[in-house]
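A.B. asks:
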Amino acid sequence: MTWTSRGLVSLACSVLVLSACGDDGSGSDEIGESDTQGEAGTGTDSESGTDTGTDSETGTDSESDTESETDTESETDTGTGGDPPEGDPCAPTEWDEADFVDVYDVGPGQPYEDPSAVPWESVGPGTLVRIHWRDEPYRDKWVINSVGTEDAPIVVTGVPEGGQLPVISGDGAKTRAELDYWNEQRGLIKIGGASAPSGDAAAWIHIENLDLREAHEDHGFTDANGSPQTYAGNAAALYVEWGSELTFRGNEVSWSGNGIFTGSQSADVHVECNYVHDNGTSGSIYEHNSYTESARITFEFNHYGPPCPSCPGNNLKDRSAGTVVRYNWIEAGNRQLDLVESDHQELVDMPEYATTQVYGNVLVEPDGAGNSQIIHYGGDLGDESYYRKGTLYLHHNTIVSTRQGNTTWMRLSSNGESCEARNNVVYTTAGPGALAISDGSGAVEMASNYLMEGWVPTHGQLEGSVDDMGNTLGSDPGFEDVDGQLFTPDEGSPLVDGGEALPGGAVAPTWEYVPHQAGTPREDEGAPDVGAFSG
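For the record, in the sequence shown the residue sitting at position 12 is 11 according to numbering that gives the first Met the number 0, with numbers rising by one throughout.
1. Just how far apart, CA to CA, sit residue 500 and residue 147?
2. Name, in chain order, the residues that DSSP records as bridge partners for residue 157.
3. Which first and last residues belong to the beta strand (DSSP E) in which residue 299 is found?
4. Have a look at residue 477 and residue 426 and give me their C-alpha separation to the nearest angstrom.
5. Taking DSSP's pairing of strands, which residues face residue 212 in a bridge?
6. Can you tell which of 327, 144, 257 has the C-alpha that lies nearest to the C-alpha of residue 273?
7. Given a cut-off of 8 Å on the beta-carbon distance, is the pair residue 395 and residue 531 in contact?
8. For residue 337, write down the residues that DSSP places opposite it in a beta bridge.
9. Expressed to the nearest angstrom, what Euclidean distance is found between the alpha-carbon atoms of residue 399 and residue 236?
10. Label residue 267 either buried or exposed according to how many other C-beta atoms from any shown protein chain fall within 10 Å of its C-beta, with 16 as the threshold for buried.
11. Answer yes if the stretch 221 to 241 comes into contact with the stretch 164 to 173, meaning at least three C-beta pairs across the two stretches below 8 Å, and no otherwise.
12. Let me check understanding here. Comparing Cα to Cα, which of 356, 416, 458 lies closest to residue 408?
13. Report the partner residues of residue 519 according to the DSSP bridge assignment.
14. Under the assumption that residue 308 contacts residue 278 (Cβ atoms under 8 Å), give the Cβ distance between them as a whole number of angstroms.
15. DSSP three-state label for residue 356, please.
16. Compare the beta carbon distance of residue 433 and residue 300 with 8 Å and say whether it is the shorter of the two.
17. Sort 421, 232, 259 by Cα distance to residue 508 and report the nearest one.
18. In the DSSP assignment, find the unbroken alpha helix (DSSP H) run with residue 346 in it and report its ends.
19. Given a threshold of 16 other Cβ atoms within 10 Å of its Cβ, counted over all protein chains shown, does residue 92 qualify as buried or as exposed?
20. Give the straight-line distance between the Cα atoms of residue 213 and residue 413, rounded to the nearest whole angstrom.
21. With respect to the beta strand (DSSP E) encompassing residue 328, which residues constitute its N-terminal and C-terminal limits?
22. Give the secondary structure of residue 98 by DSSP, where H, G and I count as helix, E and B as strand, and everything else as coil.
23. Between residue 390 and residue 303, what straight-line distance do the alpha-carbon atoms span, to the nearest angstrom?
24. Classify residue 26: buried if its beta carbon has 16 or more other beta carbons within 10 angstroms, exposed otherwise.
25. Residue range of the beta strand (DSSP E) that residue 451 falls in?
26. Can you check whether the CB of residue 498 is closer than 8 Å to the CB of residue 529?
27. Assign residue 265 to one of two classes, buried (16 or more other C-beta atoms within 10 Å of its C-beta) or exposed (fewer than that).
28. Helix, strand or coil for residue 454, going by three-state DSSP, please let me know.
29. Whose CA, out of 280, 350, 276, 322, lies closest to the CA of residue 331?
30. Using 8 Å as the threshold, is the stretch 158 to 170 in touch with the stretch 115 to 128, meaning 3 or more CB pairs across them?
31. Kindly indicate which three-state DSSP category residue 403 falls into: helix, strand or coil?
32. Taking all protein chains shown into account, decide if residue 280 is buried (16 or more other Cβ within 10 angstroms of its Cβ) or exposed.
33. Does the beta-carbon distance from residue 428 to residue 449 come in below 8 Å?
34. On the CB-based measure, 16 or more other CB atoms within 10 Å of its CB, does residue 514 come out buried or exposed?
35. Anyone know if the C-beta pair for residue 192 and residue 241 falls short of 8 Å?
36. How many Å lie between residue 183 and residue 230 at the Cα?
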């Protein structure tokens, strides 16, 4: 059955108010939306606000829009996340110092006391920096603006002790005097954009196994000139101004304005096996656990916990071309996924811009988490010519909402957006009628999903369409233990063998997430199982 704006009896009315202009990927952050949905039991889902920030070397990034030579035509990734990971997907990388030109060991009993002793201004291809755990946090901040290669990368990795990652804290951090870079107040570790070391962009950088925290406006630092400074409201623990082939792996990222931030001059970014949580700004919708705008980006095997208390930002917010979100656990946030538009024409013009892959994820919406929409796809800046206007491929996800009121699975921003939804399980605890598929706009085609009995096309006014191509309905998907968040299908679950082959353009999952920050090969015997886990 297809529900359309002409075929659906009007339910409640939804009012959408869009503001103008937003994040340019480097300096100012978004102008948001106000979603007054009129949904029973949910209240008002407000994201309204303004941001008048602009980009300059004194606090933002105007140079990144005009001088970067980041390759946005790289053939490294096709927009589907590249080849599936091999081996243990989150095993620590074994870096052999014999493969590197320069090796810097930092920490107690090591040649370098702290990260500020490392000559970041002169690191080059084939550099390995190992930061060893110690009792006290390291209070250092720095920039990497050097170009490695695939065979000779620049690697900064923590050396844990007893499972504890070395802590790099922005609270009271100092900057090495030999460095000279703009936007010090925007990040704890910055990638790209500096006068010393000079260069066009950074490339082939790995940041691994570090606990990065407290790049937040509540904290201060000492800049390269020895002057006290305060972090910007949108500061990030990992701040990318420009660079390509960047891997952030096995880190814990917390208590910062934005946990991870990438600007529009970044390309081929890999966010893997991290624990990202408690980022944001109290009372502000403009900072998020991660906020990215890249030419091709892949998120996999990450654990996204809730943003900081009283912080109404989204969990994973992205404005990239070629976005792949797979095998992650994402819990709470104003929305779990906010996949909206870039306002940079070079990204909008990329073929990958119109294709977004979301598969194999666990998305958890607790009661009172903010917006009742789980996923937003399209745009939020008001100029629909920049909206994604493509297809969201949404497959094999496990979506659980314990909201007492209504839940909306997805919002497509305009009728130019579409979603192919296959083999997902969407479970809500609020009872029949609480689950809506769409917020009203766009075209949703859904088949072989497990949905709650009594679902409705929308809680508002349907202006697009919801095409029911055959789904399984019920009140109990047969999870192993809902209260214990064990969402693997139990014996006899209708999820087992309940799926179908995916349509062209979609990517079938080959792995599944293991709580937390781990993975295991997915094994479907017979027909595909529904959801993120095989039975």
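For each residue, glycine too, the CB sits at the ideal point set by N, CA and C.
C.D. replies: On the basis of the data shown:
1. 41 Å
2. 130
3. 289 to 299
4. 10 Å
5. 168, 253
6. 327
7. yes
8. 316, 375
9. 29 Å
10. buried
11. yes
12. 458
13. 511
14. Rounded, the Cβ-Cβ distance is 12 Å, inconsistent with contact.
15. strand
16. no
17. 421
18. 344 to 347
19. exposed
20. 37 Å
21. 328 to 330
22. helix
23. 24 Å
24. Note that residue 26 scores 37 on pLDDT, short of 50, meaning its location in the model is unreliable; the coordinates nonetheless yield the value given after this. With 16 or more other Cβ atoms within 10 Å, it is buried.
25. 449 to 451
26. yes
27. buried
28. coil
29. 276
30. no
31. coil
32. buried
33. no
34. exposed
35. yes
36. 8 Å
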